[in-house]
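Asker:
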Amino acid sequence: MPGAPRVDRLSMEGMIWNADHVLQQALDPNTNGVPKELFAKCVGLLLISVVEVGFIFSGSVGTGILLKKNDDASWSKPCAMALGGMGWGFLVGAAAKDIMVFIFDKGSLDGMCAETGLRIGGQINLTLGPFGRNYEGGIGLSTGGAVGTCSIAFSKGGFLSLSVEGAIISVRGGANDSFYGKVTTPNSIIHQDDVEFPEHRPTLIQNVYDSLAKLQTGRTYVPTPEEVAEKEAAASVAQKASEEVAEFDPSVEKIDIEEEAKKEAELKKETE
Numbered sequence: 048m049p050g051a052p053r054v055d056r057l058s059m060e061g062m063i064w065n066a067d068h069v070l071q072q073a074l075d076p077n078t079n080g081v082p083k084e085l086f087a088k089c090v091g092l093l094l095i096s097v098v099e100v101g102f103i104f105s106g107s108v109g110t111g112i113l114l115k116k117n118d119d120a121s122w123s124k125p126c127a128m129a130l131g132g133m134g135w136g137f138l139v140g141a142a143a144k145d146i147m148v149f150i151f152d153k154g155s156l157d158g159m160c161a162e163t164g165l166r167i168g169g170q171i172n173l174t175l176g177p178f179g180r181n182y183e184g185g186i187g188l189s190t191g192g193a194v195g196t197c198s199i200a201f202s203k204g205g206f207l208s209l210s211v212e213g214a215i216i217s218v219r220g221g222a223n224d225s226f227y228g229k230v231t232t233p234n235s236i237i238h239q240d241d242v243e244f245p246e247h248r249p250t251l252i253q254n255v256y257d258s259l260a261k262l263q264t265g266r267t268y269v270p271t272p273e274e275v276a277e278k279e280a281a282a283s284v285a286q287k288a289s290e291e292v293a294e295f296d297p298s299v300e301k302i303d304i305e306e307e308a309k310k311e312a313e314l315k316k317e318t319e
C-alpha cells in the first residue's frame, strides 16, 4: 500500500495508523525489508512518523508510539512520543518519512520513559551490507558503552540504516492522557496494568501487533482487500481526531519541511 495517503500524526489514532503504515512497508515483499534479528532481539521499539507538510507540535519533527516487548514476545500498549533536536536539512537530505528506533536494553527503554525526555547517545553501528529480512551477518549488538539503540529509516521505497544520534525523545503526555481518558505516565502505560486500552476507540493497534509478530520471523505479507478497506476507514477516523487536536491545541503549528530546511540553511550562512 505504498500509495496510501498519510494521516496527520497529532492524535494517538493517527500515530498508530502511521506506525501500522511503516510496518506494512516492512512486510511488503517488494521492499528490501528489515532484518528479523532486530525485531527478535529488541526490548522496545519506537515508531516515528516525520512530518513533511502539515501540522506538528512545536519543537518536534515527528511523533509516534513507543512499545515495550513483553517476556512472552507480545507488545505493550502504545505510549505517545515526540522526536526533536534534529535539523530539518538533515531530514530533507535523508528523505526519511518513517524511523524505527530499536531499543536493546532496559536502561535505554527506561530512559525514554523519563518525564524529562532522553537525548539519544551514540547508536549501535549497523554494518548491514545487503539489507534483507533474513540477513544476520554484521549486525553488531555490542554498544561499546553507547546507548543501546539503533535506527532504521524508510526512504525512497526502501529501508536503510540512519543514525539519529543527538535527537531528543520526549513523552507526549497530553496525547496519552486524552487517549486513555486519565492522567498517565509512560511507566503506567507500558510497564503497569493500571491503564486500560480504550477499545471503544477505533484504531489499528491489533494490526500493529500482528505485523510485529510476522516481522520477528522474517515473513512478508500482502493485505487482503478487507484489510485495505479497514485501513481506509481507520484513516478517516484518525484524520478527524488529528484535526480536532490541531484546532484546539495551541502548541500545534503548520510547517513545510522543505521551507524549514531553507530557513535553517540561510540562518546558518548568516551566522558563519
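Here the working numbering is used: the first residue of the sequence shown is 48, the next is one more, and so on.
Idealized CB from N, CA, C, for every residue including glycine.
#1: Given a cut-off of 7 angstroms on the beta-carbon distance, is the pair Lys153 and Ile237 in contact?
#2: If distances are taken between C-alpha atoms only, which option among Met59, Ala129, Pro76 comes closest to Ile215?
#3: Based on Cα-Cα distance, which residue from Gly111, Tyr256, Gly131 lies nearest to Asp2?
#4: Apply the 10 Å Cβ neighbour rule to His68 and answer buried if 16 or more other Cβ atoms are within range, or exposed otherwise.
#5: Across the segment 69-80 and the segment 266-282, are there enough close Cβ pairs to call them in contact, namely three or more that are closer than 8 angstroms?
#6: What three-state label does DSSP hand Leu314 in the structure shown?
#7: Leaving out five residues on either side along the sequence, give the residues of the same chain with a beta carbon under 7 angstroms from the beta carbon of Gly191.
#8: Throw me the rounded Cβ distance for the Phe206 and Asn79 pair, which I believe falls under 8 angstroms.
#9: Based on Cα-Cα distance, which residue from Glu273, Lys310, Asn65 lies nearest to Thr110?
#10: Candidates Ile167, Thr163, Gly132, Asp157: which alpha carbon is nearest Val148's?
#11: From Pro177 to Val230, what does the alpha carbon distance come to, in whole angstroms?
#12: So, using beta-carbon positions, are Asp145 and Ser96 closer together than 7 angstroms?
#13: How is the beta strand (DSSP E) around Leu93 delimited, first residue to last?
#14: Identify the continuous beta strand (DSSP E) that holds Lys115 and give its terminal residues.
#15: On the CB-based measure, 16 or more other CB atoms within 10 Å of its CB, does Gly204 come out buried or exposed?
#16: Which residue's Cα is closest to the Cα of Ala280: Val108, Val299, Ala293, Pro249?
#17: According to the Cβ coordinates, are Ser217 and Gly164 closer than 7 angstroms?
#18: What would DSSP say about Glu246, mapped onto helix, strand or coil?
#19: Mark Leu113 as exposed unless 16 or more other C-beta atoms lie within 10 angstroms of its C-beta, in which case mark it buried.
Answerer: In terms of the structure at hand:
#1: No, the Cβ-Cβ distance between Lys153 and Ile237 is not below 7 angstroms.
#2: Ranking Met59, Ala129, Pro76 by Cα distance to Ile215 puts Ala129 first.
#3: For residue 2 there is no data in the structure shown, the boundaries of the chain being 48 and 319.
#4: Within 10 angstroms of the beta-carbon of His68 lie 16 or more other beta-carbons, which makes it buried.
#5: The segment 69-80 is in contact with the segment 266-282.
#6: Correct three-state label for Leu314: helix.
#7: Reliability of the predicted coordinates at Gly191 is poor, the pLDDT of 41 falling under 50, and the value obtained from them is presented with this limitation in mind. Result list for Gly191: empty, nothing under 7 angstroms.
#8: That belief holds up - the Cβ atoms of Phe206 and Asn79 are roughly 6 angstroms apart, short of 8 angstroms.
#9: Per the Cα distances, Asn65.
#10: Taking the Cα of Val148 as reference, the smallest distance to any Cα among Ile167, Thr163, Gly132, Asp157 is reached at Ile167.
#11: Bear in mind that the predicted position of Pro177 carries a pLDDT of just 47, short of 50, making it too unreliable to give a figure here.
#12: The criterion of a C-beta distance shorter than 7 angstroms is satisfied by Asp145 and Ser96.
#13: Counting along the chain, the beta strand (DSSP E) containing Leu93 begins and ends at 91-97.
#14: Where Lys115 is concerned, the enclosing beta strand (DSSP E) stretches over 109-115.
#15: Its Cβ having fewer than 16 others within 10 Å, Gly204 is exposed.
#16: Of the candidates Val108, Val299, Ala293, Pro249, the one whose C-alpha sits nearest the C-alpha of Ala280 is Pro249.
#17: Against a cut-off of 7 angstroms, the Cβ pair of Gly164 and Ser217 comes out as a contact.
#18: Assigned with DSSP and collapsed to three states, Glu246 falls in coil, not helix or strand.
#19: It is buried - the Cβ of Leu113 has at least 16 other Cβ atoms within 10 Å.
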